[in-house]
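**Student:** I am attaching a structure below and will ask some questions about it afterwards.
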Amino acid sequence: MTRIAFIGLGNMGGGMAANQARAGHEVRAFDLSAAALEKAVAAGCLASGSAVEAVRDADAVITMLPAGHHVRAVYAGEIMPNAKPGALFIDCSTIDVESARAVAADVTRAGFRFADAPVSGGTTGAEAGTLAFMVGCAEADFAAVEALIGPMARTTIRAGDHGAGQAAKICNNMVLGATMIATCEAFALAEKLGLDPERFFEIASKSSGQSWSLTSYCPWPGPVLAAPSNRNYEGGFATAMMLKDLKLAQEAAARAGAATPLGAQAEGLYALFDRLGGGGKDFSAILELFRGNAPIPAKTT
Ligand code: NAD
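Add 36 to the 1-based position in the sequence shown for our numbering, that's all there is to it.
If you want it as structure tokens, here you go:
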């Protein structure tokens, strides 16, 4: 049994912490949201009153926070000054490569081990313990990182040294943002052409239009039962989070001198959808923009 401090119990962290508790670890959970903390306790975690309390005597610390500035602040202010010497830190949030490298440099200088380990697989994967982890860490630390990640993962791949996990994640999410938009445009066009969208799904999912956005996360309600499209696009991966990742990709591309015109288009379209009121909805709700329904109607039930 490992004593794990788990900080950030939102849409993703909640399910991930629950899987660590289910695996028999002592999970000391903390979130600024009392509701999120209560949910984690109901799933077998122990409530901590603060991040400082959670990390004291913990063998490992896992963070799942919204963005780079949250991660920098929590590591500098709460985790580093209070953690046990030699503890293993794994940050699973999606953040900019520079923040990941800066945190890694600070904590390794202080004698801790660190991995940036962002994930793919959405809230369904977080709950089921089937996430894909892309890890940036020292080669010598990877076995320990992989073992700790085990109860939350289907796949764990070392991308390279510190920051490489985040680099892989923003490239992956640039593909995801662009394929979701292409999939939504196609559904909106199919509808306009009088083609039954469910029939289009059946055909495209067995043809070259197939992608994760279509067959695992279908934006049209119906074909994929677990997809947020079947719950009025509530929960899932918020448009605001997708926009954050696309901005990270564009910033990284500008710095690296890489041409990413489709990524730039995807960022612009998600920024527009966010401004039209879609920021809190799952990112597949951008379908409504192409159907001419944005801002999207409020939940009717
Ligand atoms: P979320 O907003 O649901 O959860 C974040 C949680 O962090 C919230 O509960 C918030 O209260 C908590 N928090 C913020 N600051 C804190 C602090 N200082 N101390 C303690 N708790 C704090 O977000 P999410 O959807 O769970 O996403 C988390 C991260 O995972 C993001 O970086 C996101 O990009 C990434 N991600 C999300 C998905 C997805 O499908 N939702 C998929 C892959 C990666």
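No residue lacks a Cβ here, since even glycine has one placed at the ideal position from N, Cα and C.
Using only the alpha-carbon positions, how far apart do Lys-205 and Thr-130 sit?
**Tutor:** The residue you call residue 205 lines up with position 169 of the sequence shown. The residue you call residue 130 lines up with position 94 of the sequence shown. In a straight line, the C-alpha of Lys-205 is about 7 Å away from that of Thr-130.
**Student:** Candidates Ala-174, Arg-235, Ala-138: which alpha carbon is nearest Ala-109's?
**Tutor:** By one-based count along the sequence shown, residue 109 stands at place 73. Considering only alpha carbons, the answer is Ala-138.
**Student:** Helix, strand or coil for Ile-131 per DSSP?
**Tutor:** The sequence position of residue 131 within the sequence shown is 95, counting from 1. Three-state result, Ile-131: coil.
**Student:** Tell me whether Asp-281 counts as near ligand 3, meaning its Cβ is closer than 7 Å to at least one heavy atom of that ligand.
**Tutor:** Ligand 3 is not part of the structure shown, which contains ligand 1 as its ligands.
**Student:** My guess is that Ala-79 and Ala-96 are in contact by the Cβ rule of under 8 Å, so how many angstroms apart are they, rounded?
**Tutor:** On the sequence shown, position 43 is the one that residue 79 refers to. On the sequence shown, position 60 is the one that residue 96 refers to. That pair is no contact at about 18 Å.
**Student:** Is Asp-310 close to ligand 1? I mean its beta-carbon at under 7 Å from any heavy atom of the ligand.
**Tutor:** As a position in the sequence shown, residue 310 is number 274, starting the count at 1. No; taking the cut-off as 7 Å, the Cβ of Asp-310 has no heavy atom of ligand 1 nearer than that.
**Student:** Does the region 272-288 come into contact with the region 299-316, if we say contact requires no fewer than three beta-carbon pairs (one atom in each stretch) closer than 8 Å?
**Tutor:** yes
**Student:** Measure the alpha-carbon distance for Ser-320 versus Gly-147 and round it to whole angstroms.
**Tutor:** Sequence index remark: in the sequence shown, residue 320 carries index 284 (1-based). Sequence index remark: in the sequence shown, residue 147 carries index 111 (1-based). When rounded, the distance between both Cα atoms is 42 Å.
**Student:** Take Thr-159 and list the residues in its own chain whose beta-carbon comes closer than 7 Å to its own, dropping the five residues that flank it on each side.
**Tutor:** Here residue 159 corresponds to residue number 123 of the sequence shown, with the count starting at 1. Same-chain partners within the cutoff: Asn-47, Met-48, Gly-51, Gly-271, Gly-272.
**Student:** Please confirm whether any heavy atom of ligand 1 lies closer than 7 Å to the CB of Val-88.
**Tutor:** Taking the sequence shown and counting its residues from 1, the one referred to as residue 88 is at position 52. Result no, Cβ not under 7 Å from ligand 1.
**Student:** Out of Ala-140, Asp-93, Cys-81, point me to the one whose CA is closest to Val-107's CA.
**Tutor:** Counting from one through the sequence shown, the residue named residue 107 turns up at place 71. Just measuring C-alpha positions, the residue of Ala-140, Asp-93, Cys-81 sitting nearest Val-107 is Ala-140.
**Student:** Here's the rule: buried if 16 or more other CB atoms are within 10 angstroms of the residue's CB, otherwise exposed. What is His-105?
**Tutor:** Taking the first residue of the sequence shown as 1, we reach residue 105 at position 69. Classification of His-105: exposed, given that the 10 Å Cβ count is below 16.
**Student:** Identify whether Glu-62 lies in helix, strand or coil by the three-state DSSP scheme.
**Tutor:** Working through the sequence shown from its first residue, we reach residue 62 at position 26. Of the three classes helix, strand and coil, the one that applies to Glu-62 here is strand, per DSSP.
**Student:** Please tell me whether Ala-94 and Ala-76 are closer than 8 Å, where the distance is taken between their beta carbons.
**Tutor:** Here residue 94 corresponds to residue number 58 of the sequence shown, with the count starting at 1. Here residue 76 corresponds to residue number 40 of the sequence shown, with the count starting at 1. Result no, Cβ atoms of Ala-94 and Ala-76 do not sit closer than 8 Å.
**Student:** For Ala-263 and Pro-121, I'd like the C-alpha separation in whole angstroms.
**Tutor:** Reading the sequence shown from its first residue, position 227 is the one you call residue 263. Reading the sequence shown from its first residue, position 85 is the one you call residue 121. Each residue's Cα considered, the two are about 42 Å apart.
**Student:** For Ala-54, I'd like the list of residues in its chain whose CB is within less than 8 Å of its CB, leaving aside the five on either flank, ordered along the chain.
**Tutor:** Working through the sequence shown from its first residue, we reach residue 54 at position 18. The answer, listed in chain order, is Ala-76, Ala-79, Gly-80, Cys-81, Glu-163.
**Student:** The beta strand (DSSP E) with Arg-194 in it runs from where to where?
**Tutor:** As a working note, residue 194 is residue 158 in the sequence shown. Segment 189-196, the beta strand (DSSP E) holding Arg-194.
**Student:** Report the partner residues of Ile-126 according to the DSSP bridge assignment.
**Tutor:** Translated into positions along the sequence shown, residue 126 becomes position 90. Per DSSP, Ile-98, Ala-151.
**Student:** Helix, strand or coil for Val-77, going by three-state DSSP, please let me know.
**Tutor:** Position 41 of the sequence shown, counted from the start, is the residue given in the question as residue 77. DSSP places Val-77 in helix when its eight states are reduced to three.
**Student:** Ser-86 bridges to which residues according to DSSP?
**Tutor:** Numbered from 1 along the sequence shown, position 50 holds the residue referred to as residue 86. Answer is none; Ser-86 lacks a bridge partner.
**Student:** From the DSSP secondary-structure annotation, give me the bridge partner or partners of Ser-156.
**Tutor:** Start at 1 with the first residue of the sequence shown, and residue 156 comes out as number 120. Beta-bridge pairing links Ser-156 to Ala-168.
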